[in-house]
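K.L.:
A single structure is presented below for examination.
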DNA sequence: CTGAAAGCGCTTACAG
DNA sequence: CTGAAAGCGCTTACAG
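Residue numbers (our numbering), protein chains in the order written: chain V, 1256 to 1585; chain S, 1256 to 1585.
See below:
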């Protein structure tokens, strides 16, 4: 356009030493006048790399970002992005389909989240030949995978409550779960299995506990707990929530009902969000290494992108954090 | 590759009616065998659109995602993305430069956050001719802009404390701020100006209040408050924190110090995060419409992308939320 | 030290 | 209903 060939222009921008300083300066000056700047997409297409990793999400962005669990998970992947100079593309389902979202994401690889049931995403990713790592999913051969010992964690906290002497237990679960998930897979099913394990040790089954479900927010947990406590049956002496958020809501509801926690009813959570240590009463809960999970997922993905792929699988442990919100039944 | 021309393949994928059903099926079948799938980048380059909006961030991803303020802001932009079918690209600085990050983001437009001082980003975006909207920045002609009445909000809460009778005030600010920001612009400077306004009404100046600074987290607020209370000077009767998070930390510290809130020391926040209503004591604070801000930014950006750009400017109001954490001085 | 050419993969007028 | 061609913008061997 202004004196030289396209290659010269390209060199001026990317390969200073392959061109004379004089022409380089001239090119850059003209580019500045014209407001020219190398097109990002053209560059990426040629380079075959985007310097971006995608997170394939199971729900809309608004729901995901409202959930502290995901905020922390993304923090972990974010740490790796920061370190490696990647951007992070948040990819929600398109028209309610995570499958449909895949072709619209210009990324070097995906972290696939919350895929309790595989509706073809894994196959699609495989055929595209794009690297990916599965989180909290079922084991899948041929792809890196990071999971948490949900079963063990849930077993620990249930056992703890049982050893404290509680027998009238309520489980506050995240739900309702999609019908298609009835096959009992994914983290939630594993947590329920863990509870079943602990129950079995004292000769009980899941049928002996009350099961309430709340979608996800603190307000949901509040509402579910209120209805849980208002039935004709004798109220539970302990509420085992399957997420910290839900546990917060349970405590809120109990307080408003004039029920002392843990004096009259014990409450436990699952996750150990940062707030749980500040929460009053300090929340007894199961810690799962959420940030580590996110970080590890991104680390595995970047290895896969670089072709160092060994399809690693990683199982992360949980630990019971005993604080103040659970004690012996009155 | 398997019988037909490239155009036919393209039609098979995108334009079913321009091709016979028979050949279409054949093409799709072969594509399936081969694992062929249209390349995302090629498609975007041709289409000239990415269906993605970028958020240009002032800090690394890990820091941003740790901050509930940003989580809520992103929730607002996420709502719009969900509605319009866009993905959201989180773009942190590259090698500490937000400017350098721009060329690596394949997006249709940017939401530019936390740009207290313009280091050339606006000019770069202008020359690229890529749409963008500024948030919490100084007014900039020729670009849509969304801001919040930080000054008014801060004035309101300071005035409230003053009217309660407090004179020994401490301001817990977010900082230290970058030296380059000494020009006093951006939200923080506006909040300080609002406090100055209120102080002036009772014949005081900023020099009459203690100024403490904490970087960002609850733990930071905790630490800053501890040192604030441990000096030789008589302790403040009220702490005006410039963010809710910092206020939480202040209350934590006060509690650990055996100081009653609000009995002995009043504490106020700024933001009104969801947690502030659950927090004990319920936090008196300034509500700013964070989610709305994010939503509006994304709405403006999408209008600009579609060429309906009228360079709208929007100033969002704040409101004082009076709850329990502040009362008359003892 | 510089230019002409090929190719990254796609889509869409334009002919046939 | 289908194919040959041009073009979205870029970069990198390859000649000169």
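No residue lacks a Cβ here, since even glycine has one placed at the ideal position from N, Cα and C.
Would residue 1275 (chain V) be called buried (16 or more neighbouring beta carbons within 10 Å of its own) or exposed?
P.N.:
Exposed: under 16 other Cβ atoms inside 10 Å.
K.L.:
To the nearest whole angstrom, what separates the beta carbons of residue 1362 (chain S) and residue 1345 (chain S), a pair I think is in contact under 8 Å?
P.N.:
Not quite, the Cβ-Cβ distance comes to about 11 Å (not below 8 Å), so this is no contact.
K.L.:
Can you tell me whether residue 1352 (chain V) is buried or exposed, with buried defined as 16 or more other CB within 10 angstroms of its CB?
P.N.:
Result: exposed.
K.L.:
Who are the neighbours of residue 1321 (chain V) on chain S, taking C-beta pairs under 7 Å?
P.N.:
Those are 1330, listed as they occur along chain S.
K.L.:
Please confirm if residue 1300 (chain V) has its CB atom under 8 Å from at least one CB of chain S.
P.N.:
Chain S, which has a Cβ nearer than 8 Å to the Cβ of residue 1300 (chain V), makes this yes.
K.L.:
Please state the DSSP three-state secondary structure of residue 1459 (chain V).
P.N.:
In the structure shown, residue 1459 (chain V) sits in coil (DSSP, three-state: anything other than H, G, I, E or B).
K.L.:
Does the Cβ of residue 1399 (chain S) have 16 or more other Cβ atoms within 10 Å, making it buried, or fewer, making it exposed?
P.N.:
Label assigned to residue 1399 (chain S): buried.
K.L.:
Could you check where the beta strand (DSSP E) with residue 1402 (chain S) kicks off and where it finishes?
P.N.:
Start and end: 1400-1403.
K.L.:
Among S:1359, S:1482, S:1335, whose alpha-carbon lies nearest the alpha-carbon of residue 1468 (chain S)?
P.N.:
Residue S:1482 is the option with its Cα nearest to residue 1468 (chain S).
K.L.:
Output yes if chain S places a C-beta closer than 8 Å to the C-beta of residue 1505 (chain V); else output no.
P.N.:
Cβ-Cβ to chain S under 8 Å: no for residue 1505 (chain V).
K.L.:
Name, in chain order, the residues that DSSP records as bridge partners for residue 1539 (chain V).
P.N.:
Answer by DSSP bridge pairing, in chain order: V:1523.
K.L.:
Closer than 8 Å by beta-carbon distance: list the chain S residues that pair up with residue 1297 (chain V), in chain order.
P.N.:
Neighbours of residue 1297 (chain V) on chain S, chain order: 1300.
K.L.:
Taking its Cβ as the centre, do 16 or more other Cβ atoms sit within 10 Å of residue 1517 (chain S), making it buried, or is it exposed?
P.N.:
That one is buried.
K.L.:
I believe residue 1486 (chain S) touches residue 1503 (chain S) by the beta-carbon criterion, under 8 Å. Please report the beta-carbon distance rounded to the nearest angstrom.
P.N.:
Going by Cβ atoms, the distance from residue 1486 (chain S) to residue 1503 (chain S) rounds to 22 Å, so no, they are not a contact pair.
K.L.:
Suppose the cutoff is 6 Å on Cβ atoms and the five residues either side in sequence are ignored; what does the same chain contact list for residue 1327 (chain S) look like?
P.N.:
Cβ within range, chain order: 1545, 1546.
K.L.:
For the stretch 1331-1354 of chain V, which residues have a beta carbon sitting closer than 7 Å to at least one beta carbon of chain S?
P.N.:
Of all residues in the stretch 1331-1354 of chain V, 1333, 1334, 1336, 1337, 1340, 1342, 1343, 1344, 1345, 1346, 1347, 1349 have a Cβ within less than 7 Å of some Cβ in chain S.
K.L.:
Tell me, please, which residues DSSP counts as bridged to residue 1388 (chain S).
P.N.:
According to DSSP, which records beta bridges pairwise, residue 1388 (chain S) is partnered with S:1366.
K.L.:
Between the alpha carbons of residue 1510 (chain V) and residue 1490 (chain V), how many angstroms are there, rounded?
P.N.:
Between residue 1510 (chain V) and residue 1490 (chain V), the C-alpha separation is close to 15 Å.
K.L.:
Cβ of residue 1410 (chain S) less than 8 Å from any chain V Cβ?
P.N.:
No - not a single Cβ of chain V is within 8 Å of the one on residue 1410 (chain S).
K.L.:
Would you kindly check if the distance between the Cβ of residue 1412 (chain V) and the Cβ of residue 1300 (chain V) is under 8 Å?
P.N.:
Contact: no.
K.L.:
Rounded to the nearest angstrom, what separates residue 1269 (chain V) and residue 1262 (chain V) at their Cα positions?
P.N.:
Using only the alpha carbons, I get a separation of about 10 Å.
K.L.:
Using a cut-off of 9 Å between C-beta atoms, extract the partners of residue 1269 (chain S) located in chain V.
P.N.:
Per Cβ cutoff of 9 Å: no residues; residue 1269 (chain S) is ~11 Å from chain V at best.
K.L.:
Over what stretch of residues does the beta strand (DSSP E) that includes residue 1467 (chain S) continue unbroken?
P.N.:
Per DSSP, residue 1467 (chain S) belongs to the beta strand (DSSP E) from 1465-1469.
K.L.:
On the DSSP letters alone, give me the boundaries of the alpha helix (DSSP H) that residue 1262 (chain S) sits inside.
P.N.:
Residues 1261-1269.
K.L.:
Can you list, in chain order, the residues of its chain whose CB lies under 8 Å from that of residue 1279 (chain S), leaving out five sequence neighbours each side?
P.N.:
If we look at residue 1279 (chain S) and ignore the five residues flanking it on each side, its Cβ neighbours are 1266, 1267, 1271.
K.L.:
Contact defined as beta carbons within less than 8 Å: I believe residue 1525 (chain S) pairs with residue 1401 (chain S). What is the distance between those atoms, to the nearest angstrom?
P.N.:
About 18 Å separates the two Cβ atoms, so there is no contact after all.
K.L.:
Applying a beta-carbon distance threshold of less than 7 Å, which residues of chain S neighbour residue 1324 (chain V)?
P.N.:
Here the premise fails: no neighbours, minimum Cβ distance about 11 Å.
K.L.:
Excluding five sequence neighbours on each side, which residues of the same chain lie with their C-beta closer than 8 Å to the C-beta of residue 1473 (chain V)?
P.N.:
Hits under 8 Å: 1500, 1501, 1503, 1504, 1507.
K.L.:
Any beta carbon of chain S sitting closer than 8 Å to that of residue 1358 (chain V)?
P.N.:
Interface residue, yes.
K.L.:
Going by DSSP in three states, residue 1586 (chain S) sits in which element: helix, strand or coil?
P.N.:
In this structure chain S extends from 1256 to 1585, so residue 1586 (chain S) is not present and cannot be described.
K.L.:
Alpha carbon to alpha carbon, how far is residue 1447 (chain V) from residue 1406 (chain V)? Give it in angstroms, no decimals.
P.N.:
Using only the alpha carbons, I get a separation of about 7 Å.
K.L.:
Shortest alpha-carbon distance to residue 1580 (chain S) belongs to which of S:1562, S:1537, S:1541?
P.N.:
Selected option, being the one with the closest Cα: S:1537.
K.L.:
Return the first residue and the last residue of the beta strand (DSSP E) that residue 1426 (chain S) is part of.
P.N.:
Counting along the chain, the beta strand (DSSP E) containing residue 1426 (chain S) begins and ends at 1424-1429.
K.L.:
If residue 1492 (chain S) and residue 1520 (chain S) are in contact, beta carbons under 8 Å, what's the gap, nearest whole angstrom?
P.N.:
Right, the Cβ-Cβ distance comes to about 6 Å (below 8 Å), so this counts as a contact.
K.L.:
Just to confirm, are residue 1416 (chain S) and residue 1424 (chain S) a CB contact at a threshold of 8 Å?
P.N.:
Yes, the pair counts as a contact, with Cβ atoms nearer than the cut-off.
K.L.:
Quick one: what does DSSP say residue 1493 (chain V) is sitting in, helix, strand or coil?
P.N.:
Looking at residue 1493 (chain V) - three-state DSSP - the assignment turns out to be strand.
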